[in-house]
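Student: A single structure is presented below for examination.
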Amino acid sequence: MDYHDVFTSCRTGDLEKIKYLVESRDVELNIRDKWDTTPLYYACLCGHEALVKYLLENGAKCEANTFDGERCLYAALNDKIKKLLKNYKMITSSTMRRDLYDEFLRRLKGDKLYCDATFKVLGEKFCVHRCILASRCSTLLDKVEKRLENKKTIIVKDLTVDPNSFKILIDYIYQGRCQVPYDSITTVDLLANQCGLPLLMQQLGKKAKEKKSFESSKPGVHVDVLSIDNDVDRESIKQDLAKLADQALPSETNALLMEMPFCPNIKPVYPDMCVMVQDFKFNCHKAFFCLRSDYFKALLEDHFNENVDDQIECIVLHDISIEAFKCVLYYIYTDSCELVEDTVFEVLYKADMYLLPGLKKYCAAFIADLIDEENVFQIFEMSRLFNLPKLEDQCTEFIAQTLSRWCCDQSSKIWWYVMRVKWFLERIQIQ
């Protein structure tokens, strides 16, 4: 329903509603409807200048010379909006509203502290993580794995591979998206073929056709950059990184997984840390835990034990169940996990403790479906305790919708409801 409201508000120019949806309901702005159209496109088409400016300032994508960017520019109702789009520059990460997982993947790609291999292309260095290559691009890892046994730097001697094209390849491997200059499409396609990335090859072909079709229908318009960024690639990166989470499970659990006939063999994933939970050892990666959580980063940096005899560093977590930690683990690697009613409140508490705001919101979305007349007040209080405004709004909406029915209830429970509503109203007034 929130997504429908986004498109409706952009067509009507309801800036206040958009602000509420973005700032209180955490609605994504780069969504697409069944016509493959974004909210920014509708705001430009309908001439809502203030709304266009707000969308751009909060992360709506409109890169110059890309398909979406040119489409918005072509649809702009007036010159003021066209000027606003043309003058728009990609704003910094400190001001741009980013998806937490996308921001993590961007930081992971640029990480030099926890990387364990380096490619050197015509003098330019690219730091990578072998665990990422193992899960996302095993063909590339297979080609260089033996050379990595004795040294950490691989010199790419193929003169047809230039640094810009290799950077595009790394962008796609790490983030599931990339910006490809049209004159580099042949080189990037060749690299994708050599590294076993069929999805990237498919997207390059699709975007090239879209470019030609768009330019032929809009004389004078030229698209110089192909933007590879869609739900299929985003989902594929999560599925690939889920392999690392699978491999991190304790051997007792993993042995059962590997015995299943449909489960493929998983390559070694080069763990550099372990987490002990109730005497079970989870083999993990510092790059994921430290870049996702400042709690784990501080815990590992302040850890007084040194690695001995090449043994990986181990930390012990107390007061958390195996089931809850599995949820934390899969969230760290894939930005999602399988929550159940029995453990969701424990996961929420640990997400707050481990400084994982995205997991808190993920739990809140699950808890919202559990709201009923018996628990709505407890969930409302909990939403304030953990600073979850969207869940708080959902509780308030539920109470408002059921208040009239409670007032008509002739059972003895009505007095309990009356007292709880009175408490609820007092809490709102305090705020």
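If you read the sequence shown in UniProt numbering, its first letter stands for residue 1, the second for the next number, and so on.
Positions of the beta carbon are idealized from the N, C-alpha and C atoms, including for glycine.
Please identify the residue among 7, 16, 23 whose C-alpha is closest to the C-alpha of residue 41.
Tutor: Counting from 1 along the sequence shown, the entry for residue 41 is found at position 41. That would be 7, whose Cα lies nearest to the Cα of residue 41.
Student: How would you call residue 39, buried or exposed, if buried means at least 16 neighbouring beta carbons within 10 angstroms?
Tutor: Taking the sequence shown and counting its residues from 1, the one referred to as residue 39 is at position 39. By the 10 Å Cβ count, residue 39 comes out buried.
Student: In three-state DSSP terms, what is residue 290?
Tutor: Walking along the sequence shown from the start, residue 290 turns up at place 290. Reduced to three states, the DSSP call for residue 290 is helix.
Student: Skipping 5 residues on each side, what residues in its chain have a beta carbon closer than 6 Å to that of residue 273?
Tutor: Counted from its first residue, the sequence shown places residue 273 at position 273. The answer, listed in chain order, is 284, 286, 312, 313.
Student: Would the stretch 316-331 and the stretch 342-351 be scored as touching if the rule is three or more Cβ pairs under 8 Å?
Tutor: Enough Cβ pairs lie closer than 8 Å, so yes.
Student: Could you tell me the alpha carbon to alpha carbon distance between residue 202 and residue 328, rounded to whole angstroms?
Tutor: Counting from one through the sequence shown, the residue named residue 202 turns up at place 202. Counting from one through the sequence shown, the residue named residue 328 turns up at place 328. Using only the alpha carbons, I get a separation of about 33 Å.
Student: Can you tell which of 293, 375, 354 has the C-alpha that lies nearest to the C-alpha of residue 341?
Tutor: Counted from its first residue, the sequence shown places residue 341 at position 341. Cα-wise, what sits closest to residue 341 is 375.
Student: Please give me, in chain order, every unbroken run of the alpha helix (DSSP H) with length at least 4 that falls completely inside the stretch 333-360.
Tutor: Whole alpha helix (DSSP H) segments, 4+ residues: 344-353.
Student: Relative to the C-alpha of residue 57, which candidate in 234, 70, 37, 84 has its C-alpha closest?
Tutor: Position 57 of the sequence shown, counted from the start, is the residue given in the question as residue 57. Comparing Cα-Cα distances from residue 57 to each of 234, 70, 37, 84, the minimum goes to 84.
Student: State the CB to CB distance for the pair residue 242 and residue 334, rounded to an integer number of angstroms; the pair is presumed to be in contact (CB under 8 Å).
Tutor: Locating residue 242 in the sequence shown gives position 242, where the first residue counts as 1. Locating residue 334 in the sequence shown gives position 334, where the first residue counts as 1. Right, the Cβ-Cβ distance comes to about 5 Å (below 8 Å), so this counts as a contact.
Student: Note down the Cα distance separating residue 232 from residue 149, rounded to an integer number of angstroms.
Tutor: Start at 1 with the first residue of the sequence shown, and residue 232 comes out as number 232. Start at 1 with the first residue of the sequence shown, and residue 149 comes out as number 149. Answer to the nearest angstrom: the Cα atoms are 34 Å apart.
Student: Please classify residue 401: does DSSP put it in a helix, a strand, or coil?
Tutor: For this step, residue 401 is matched to residue 401 along the sequence shown. Residue state, collapsed to three classes: helix.
Student: Quick one: residues in its chain with C-beta nearer than 7 Å to the C-beta of residue 402, no 5 flanking neighbours on either side, listed in chain order?
Tutor: By 1-based counting over the sequence shown, the position of residue 402 is 402. Counting only Cβ-Cβ distances below 7 Å, and skipping sequence neighbours, we find 373.
Student: Can you tell me which of the three DSSP states residue 28 falls into?
Tutor: For the purposes of this step, residue 28 is taken as the residue at position 28 of the sequence shown. Correct three-state label for residue 28: coil.
Student: I'd like to check one pair, residue 174 with residue 109: are the Cβ atoms closer than 7 Å?
Tutor: Here residue 109 is taken as the residue at index 109 of the sequence shown, counted from 1. Here residue 174 is taken as the residue at index 174 of the sequence shown, counted from 1. Yes, the pair counts as a contact, with Cβ atoms nearer than the cut-off.
Student: Hey, would you say residue 248 sits closer than 7 Å to residue 282, going by beta carbons?
Tutor: Residue 248 sits at position 248 when you count from the first residue of the sequence shown. Residue 282 sits at position 282 when you count from the first residue of the sequence shown. A contact, by the Cβ cut-off of 7 Å.
Student: Under the three-state reduction of DSSP, which class applies to residue 386: helix, strand or coil?
Tutor: Start at 1 with the first residue of the sequence shown, and residue 386 comes out as number 386. Residue 386 falls in the coil class under three-state DSSP.
Student: Quick check on the burial criterion: 16 or more other C-beta atoms within 10 angstroms. Buried or exposed for residue 229?
Tutor: The residue given as residue 229 occupies position 229 in the sequence shown. Burial call: buried.
Student: Can you find the residues in the same chain that come closer than 7 Å, C-beta to C-beta, to residue 189, ignoring five residues on each side of it along the sequence?
Tutor: Taking the sequence shown and counting its residues from 1, one reaches residue 189 at position 189. Around residue 189: 201, 204.
Student: Using the rule of at least 16 other Cβ atoms within 10 Å of the residue's Cβ for burial, across every protein chain shown, is residue 394 buried or exposed?
Tutor: Stepping through the sequence shown from its first residue, residue 394 is reached at position 394. So residue 394 ends up on the buried side.
Student: For residue 170, tell me which candidate among 119, 351, 391, 10 has the shortest Cα-Cα distance.
Tutor: As a first step, residue 170 must be located in the sequence shown, where it is residue number 170. When each option's Cα is compared against that of residue 170, the closest is 119.
Student: Kindly confirm or deny that the stretch 157-170 and the stretch 212-220 touch, where touching means at least three C-beta pairs closer than 8 Å.
Tutor: In short, these stretches do not touch, since the Cβ pair count stays below three.
Student: Would residue 141 be called buried (16 or more neighbouring beta carbons within 10 Å of its own) or exposed?
Tutor: Along the sequence shown, one-based indexing puts residue 141 at 141. Residue 141 comes out buried.
Student: Below 8 Å on the Cβ atoms is my contact criterion, and I expect residue 116 with residue 130 to pass it. Report the Cβ-Cβ distance as a whole number of Å.
Tutor: Numbered from its first residue, the sequence shown carries residue 116 at position 116. Numbered from its first residue, the sequence shown carries residue 130 at position 130. Confirmed, Cβ separation roughly 5 Å.
Student: Tell me which residue opens and which closes the alpha helix (DSSP H) that residue 39 is part of.
Tutor: The residue labelled residue 39 in the question sits at position 39 within the sequence shown. 39-45 is the extent of the alpha helix (DSSP H) around residue 39.
Student: How should residue 50 be labelled, buried or exposed, when 16 other C-beta atoms within 10 angstroms of its C-beta is the threshold for buried?
Tutor: In the sequence shown, residue 50 corresponds to position 50, counting from 1. Its Cβ having fewer than 16 others within 10 Å, residue 50 is exposed.
Student: Can you tell me the Cβ-Cβ gap for residue 331 and residue 356, rounded? I've got them flagged as a contact below 8 Å.
Tutor: The residue given as residue 331 occupies position 331 in the sequence shown. The residue given as residue 356 occupies position 356 in the sequence shown. Rounded, the Cβ-Cβ distance is 7 Å, consistent with contact.
Student: Name the two residues that bound the continuous beta strand (DSSP E) containing residue 118.
Tutor: Translated into the one-based positions of the sequence shown, residue 118 becomes position 118. Element bounds for residue 118: 117-121.
Student: Could you check where the alpha helix (DSSP H) with residue 86 kicks off and where it finishes?
Tutor: In the sequence shown, the residue the question calls residue 86 occupies position 86. Run containing residue 86: 79-87, per the alpha helix (DSSP H) assignment.
Student: Rounding to the nearest angstrom, what Cα-Cα distance links residue 246 and residue 127 in this structure?
Tutor: Sequence index remark: in the sequence shown, residue 246 carries index 246 (1-based). Sequence index remark: in the sequence shown, residue 127 carries index 127 (1-based). If I take the Cα positions, the gap works out to 25 Å.
Student: What's the gap between the Cα of residue 10 and the Cα of residue 291?
Tutor: Here residue 10 refers to the residue found at position 10 when the sequence shown is read from its first residue. Here residue 291 refers to the residue found at position 291 when the sequence shown is read from its first residue. The straight-line gap from Cα to Cα measures roughly 35 Å.
Student: What number of angstroms, rounded off, separates the C-alpha of residue 97 from the C-alpha of residue 181?
Tutor: By one-based count along the sequence shown, residue 97 stands at place 97. By one-based count along the sequence shown, residue 181 stands at place 181. In this predicted model, residue 97 has a pLDDT of only 44, less than 50, meaning its place in the structure is not dependable enough to derive any value.
Student: Rounded to a whole number of angstroms, what is the C-alpha to C-alpha distance between residue 14 and residue 24?
Tutor: Position 14 of the sequence shown, counted from the start, is the residue given in the question as residue 14. Position 24 of the sequence shown, counted from the start, is the residue given in the question as residue 24. So the two alpha carbons sit approximately 15 Å from each other.
Student: Grouping DSSP H, G and I as helix and E and B as strand, with all else coil, what is residue 321?
Tutor: Counting from 1 along the sequence shown, the entry for residue 321 is found at position 321. Reduced to three states, the DSSP call for residue 321 is coil.
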